[in-house]
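Read in order, the letters of the sequence shown are residues -23 to -1, 1 to 465 in mature numbering (1 follows the signal peptide of the UniProt record, and there is no 0).
Every residue gets a Cβ at the ideal spot worked out from N, C-alpha and C, and that includes glycine.
For clarity, every value in this text was computed on a predicted model and none was experimentally measured.
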Amino acid sequence: MNLFFFFFFFSLLFSSFFNLSVARGGSPSSINASGVVNGSFAVSGRHLFADMKVSLAEQLQLKRLEELAKDYMSNSDLENALMSLNSRCSGISRVYSIGKSVHGVPLWVMEISDKPGKEEAEPAFKYIGNVHGDEPVGRELLILLANWLCDNYMKDPLATLIVDNVHLHILPSMNPDGFSLRRRGNANNIDLNRDFPDQFFHMNDDPGAHQPETKAIMHWLEEIRFTASASLHGGALVANYPWDGTENKKKYYYGCPDDETFKYMASIYSRSHHNMSLSEEFPGGITNGAYWYPIYGGMQDWNYLHAGCFELTLEISDDKWPNASELPTLFEYNKMSMLNLVASLVKTGIHGRIFSSDEGKPLPASIAIKGLNSTIHARETLADYHRLLVPGGKYEVIATMPGYKSRSTSIMLGEEAMTVDFVMDPVITPINSFLQRGWSCSLPGPHLEVFFILVLVLVSVFLCFLLKRRVVLNYPKQRQTKRSVLGV
């Protein structure tokens, strides 16, 4: 009996440690100023306990999770819930897959919009849950969020604002295999939040080495231009923002070029939460990732660097795997935070479209803010852009595009969103100028270039003809001269 109580106590102790270990990496209390645990940099590792034998405490923890998971949705339950919701709200939703997990489980996404699947000049936002398999709260809350939006569209002003003006994409589970295995990593035991290319260290530069789930996310961002996003984790209660790492792996505040904007976004979530902003550990309920503890190969920084997507890492529950009976309460605690973060895309910032002055065609130009080393790009087809900025500031907005003169304008951004469109003039070369003056009436647009090339070809052919004719005409004279010289 004493032995039983010893193991029981030890398992509870281990379980407590396991749940309090943070979602972004290992337990910060075990990491020194250089981010080193027992002589190795643990939080940058992709493999998790690959060579460790399963201890008795881990077996007990796994058994505990199996009991808890019975009241959570399985992967098939999650798929059925999405399909059922899509049928119920087909007018404002669609379901699609961005790929499959290692074990072949589809990575289902639900898009919620008044025109799902159609391209509009509106910002896009994505929520991703269950990045780590042992953090399932996010997948449950995202299904509840989708249901709430479906039920309250055209009834609640905030729900209607989001559905009518944003394309919201929800991926409830990025790591369905890890969820089934009740562990952090995927089926290959890889931490997916360490599997992305990193700006400081060349640890994940080989595209072929990325996990299927990681590749799916990367391809997803090639297909859709997301303005902002957030991933939902467990193990703490805080809104985390870039950068997540530092150049020397040491722990200190390391802000990205849009640090003020990210703090503003994180504060929107924290202040809208039931008690996140009251945190004693994190002032205001927000934190810079590198200041908390540095990690590398994370999804958050990759989104910002490679896709211009402003992503937050949201720790939404101190307990990674709470009893399922707590999920409705956790949803109520996070509901307004999730809604207000999405709504901020249309309530604040600058939005606009960019056109050419000569033909009026949309231009996929670049948008920069003077003084900020950060650039976003307008979309190829509609040339719309959506730039998040802190309200109440003065900004100089600059539009650039190869072959066009740059344009800029100074604005004073208030508390509400502002529309800033640009009409850009093409750079006129001497040849273009001549052609436009001489032929624009009869040969407008692209026909001008075709005509110019045709003229060049005809001139070249004519010159060759003249040169050949000159040689032929001179040939008899050359023969006559040669014969007179020989005296023949």
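In this structure, Leu209 sits near Leu291, with a CB-CB distance shorter than 8 angstroms. Burial of Lys226 is indicated by the presence of at least 16 other C-beta atoms within 10 angstroms of its C-beta. Boundaries for Phe203: no alpha helix (DSSP H) harbours it, and the DSSP string shows neither H nor E there. For Cys127, the closest C-alpha among the options Glu56, Ala34, Ser70 is that of Ser70. Look at Tyr270 here: in three-state DSSP terms it is coil, with no helix or strand label. The C-beta of Thr396 has fewer than 16 other C-beta atoms within 10 Å across all chains shown, which makes the residue exposed. Inclusion of Leu289 and Met253 in the CB contact set at 8 angstroms is not warranted, their separation being larger than that value. The beta strand (DSSP E) runs of length 3 or more contained entirely in the stretch 55 to 100 are, from start to end of the chain, 70 to 77, 83 to 89.
Comparing alpha-carbon positions, the option among Arg161, Asp91, His196, Lys47 lying closest to Ser67 turns out to be Asp91. Remark: C-beta atoms of Ala355 and Pro341 approach each other more closely than 8 angstroms. Classified as buried, Met87 has 16 or more neighbouring CB atoms from the shown chains inside 10 Å of its CB. Rounded to the nearest whole angstrom, the C-alpha separation of Pro93 and Ala123 is 14 angstroms. Judged by DSSP in its simplified three-state form, Phe239 adopts helix.
For Gly211, the secondary structure class from DSSP, reduced to helix, strand or coil, is coil. Looking at the backbone, the Cα of Glu96 and that of Leu318 are separated by about 22 angstroms.
Contact between Gly266 and Asn300 does not hold, since their C-beta atoms are separated by about 29 angstroms, which reaches or exceeds 8 angstroms. If you look at Phe308, you'll find it in the alpha helix (DSSP H) that goes 304 to 324. For Asn265, no alpha helix (DSSP H) segment is defined; the enclosing uninterrupted segment is the beta strand (DSSP E) at 263 to 265. Taking a 10 Å sphere around the C-beta of Gly370, we find fewer than 16 other C-beta atoms and assign the residue as exposed. At a Cβ-Cβ threshold of 8 angstroms, Arg171 and Glu43 do not count as neighbours. His251 is bridged by DSSP to nothing; it lacks a bridge partner. Here Thr386 is exposed. Its C-beta has fewer than 16 other C-beta atoms within 10 Å. When the beta-carbon positions are compared, Asn52 and Ser206 stay at least 8 angstroms from each other.
Three or more beta-carbon pairs drawn from the stretch 397 to 405 and the stretch 327 to 334 are found closer than 8 angstroms, and the two stretches are therefore classed as touching.
Around the CB of Asn57, fewer than 16 other CB atoms lie within 10 Å, so the residue is classed as exposed. Boundaries of the beta strand (DSSP E) harbouring Ala376: 371 to 377, taken from the DSSP string. Annotation: Leu121 to Phe308 spans about 7 angstroms, alpha carbon to alpha carbon. Burial is judged here by how many other beta carbons sit within 10 angstroms of a residue's own beta carbon; Asp235 has at least 16 and is buried. Contact between Tyr372 and Ile388 holds: their C-beta atoms lie close to 6 angstroms from each other, under 8 angstroms. Pairing Ser334 with Asp402 gives a Cβ-Cβ distance under 8 angstroms.
For Thr137, the secondary structure class from DSSP, reduced to helix, strand or coil, is helix.
Counting C-beta pairs closer than 8 angstroms gives three or more between the stretch 165 to 182 and the stretch 272 to 280, which meets the contact rule.
With contacts defined as CB atoms closer than 8 angstroms, Ala101 and Ile201 qualify as a contacting pair.
For Pro113, same chain residues with a beta-carbon under 7 angstroms away, outside a window of 5 residues either side, are Tyr49, Asn107, Phe156, Trp298 in chain order.
For a cut-off of 8 angstroms, the C-beta gap from Asn165 to His109 is around 14 angstroms, too long to register as a contact. Assigned with DSSP and collapsed to three states, Arg160 falls in coil, not helix or strand.
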